[in-house]
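If you use the numbering used here, the sequence shown closes out at 180, no skipped numbers anywhere. Every residue gets a Cβ at the ideal spot worked out from N, C-alpha and C, and that includes glycine. The structure appears below as structure tokens.
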Amino acid sequence: MIRHGISALFLVWVLGFLWFTVSLPQPADQLQTDAVIVPTGGAGRIAQGLDVLEMGLAKRMLVSGVDREVTRQEFAQEFQVDDAKMACCITLGFAAVDTRSNAAEIAQWVEDNQIKSLRLVTTDWHMRRAAGELGRTLPEDVTVVRDAVPSEPSMTSLFLEYHKLLASWIAGLFGF
Numbered sequence: 005m006i007r008h009g010i011s012a013l014f015l016v017w018v019l020g021f022l023w024f025t026v027s028l029p030q031p032a033d034q035l036q037t038d039a040v041i042v043p044t045g046g047a048g049r050i051a052q053g054l055d056v057l058e059m060g061l062a063k064r065m066l067v068s069g070v071d072r073e074v075t076r077q078e079f080a081q082e083f084q085v086d087d088a089k090m091a092c093c094i095t096l097g098f099a100a101v102d103t104r105s106n107a108a109e110i111a112q113w114v115e116d117n118q119i120k121s122l123r124l125v126t127t128d129w130h131m132r133r134a135a136g137e138l139g140r141t142l143p144e145d146v147t148v149v150r151d152a153v154p155s156e157p158s159m160t161s162l163f164l165e166y167h168k169l170l171a172s173w174i175a176g177l178f179g180f
């Protein structure tokens, strides 16, 4: 009986991993939102967030989890953002150090700025966990559009992220 339970659990794990790897989230349609949110950490995230601003699909942008040593001027220079755009539209968040604290930083910014809809821009393999953590911290009346940055992750990266996602789901179930 225990053997059957372990076999069933293993089968669920394998099928879950297969689902996770073959159905990575995709970029979003060109929907209008109040803000675009970009957790740091993956290639192409900030560039895609800035593209959303340039296309007028959002009026404001929060970059969450910026290294405390990065200045606004360095950010602007690195990503070729003019002073006016930095002043009006881009907030750098320095409080987050991981996905869970990104969610807390984002939720606070959303509340402070009365945001009702946002576009979450993160890497395809990271989207499910980031959106899940964010969903547990945001009020229910805030709409989240998932806008994944396509990537070519290694099997090791997918394996690690799948297990982080499982841990995040379990923590969410038990209120951790």
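From which residue to which residue does the alpha helix (DSSP H) around residue 26 run? Residue numbering aside, residue 26 sits at position 22 when the sequence shown is read from its first letter. First-last of the alpha helix (DSSP H) with residue 26: 6–26.
Distance check for residue 171 and residue 135, CA to CA, integer angstroms please. As a first step, residue 135 is located in the sequence shown; it is residue number 131 there, counting from the start. As a first step, residue 171 is located in the sequence shown; it is residue number 167 there, counting from the start. Rounded to the nearest whole angstrom, the CA to CA distance from residue 135 to residue 171 is 14 Å.
How would you label residue 87, buried or exposed, when you count the other beta carbons within 10 angstroms and need 16 or more for buried? Sequence index remark: in the sequence shown, residue 87 carries index 83 (1-based). Flag for residue 87 reads exposed.
Integer-rounded CB distance, given that residue 148 should sit under 8 Å from residue 138: Numbered from its first residue, the sequence shown carries residue 138 at position 134. Numbered from its first residue, the sequence shown carries residue 148 at position 144. With a Cβ gap of about 6 Å, residue 138 and residue 148 count as contacting.
Mind listing, in chain order, the continuous beta strand (DSSP E) runs of no fewer than 3 residues lying wholly within the region 27–58? Runs of the beta strand (DSSP E) lying entirely within the region 27–58, each at least 3 residues long, are 39–43 in chain order.
In its own chain, which residues sit with a C-beta less than 6 Å from the C-beta of residue 100, not counting the 5 before and 5 after it? Sequence index remark: in the sequence shown, residue 100 carries index 96 (1-based). The answer, listed in chain order, is 68, 69, 106, 109.
Answer yes or no: do residue 114 and residue 122 have a C-beta to C-beta separation smaller than 8 Å? To locate residue 114, count along the sequence shown from 1; it is residue 110. To locate residue 122, count along the sequence shown from 1; it is residue 118. Taking a C-beta distance under 8 Å as the contact criterion, residue 114 and residue 122 qualify as a contact pair.
Sorted by chain position, which residues of the same chain lie with C-beta nearer than 7 Å to residue 10's C-beta, five sequence neighbours on each side aside? Here residue 10 refers to the residue found at position 6 when the sequence shown is read from its first residue. Contacts found: none.
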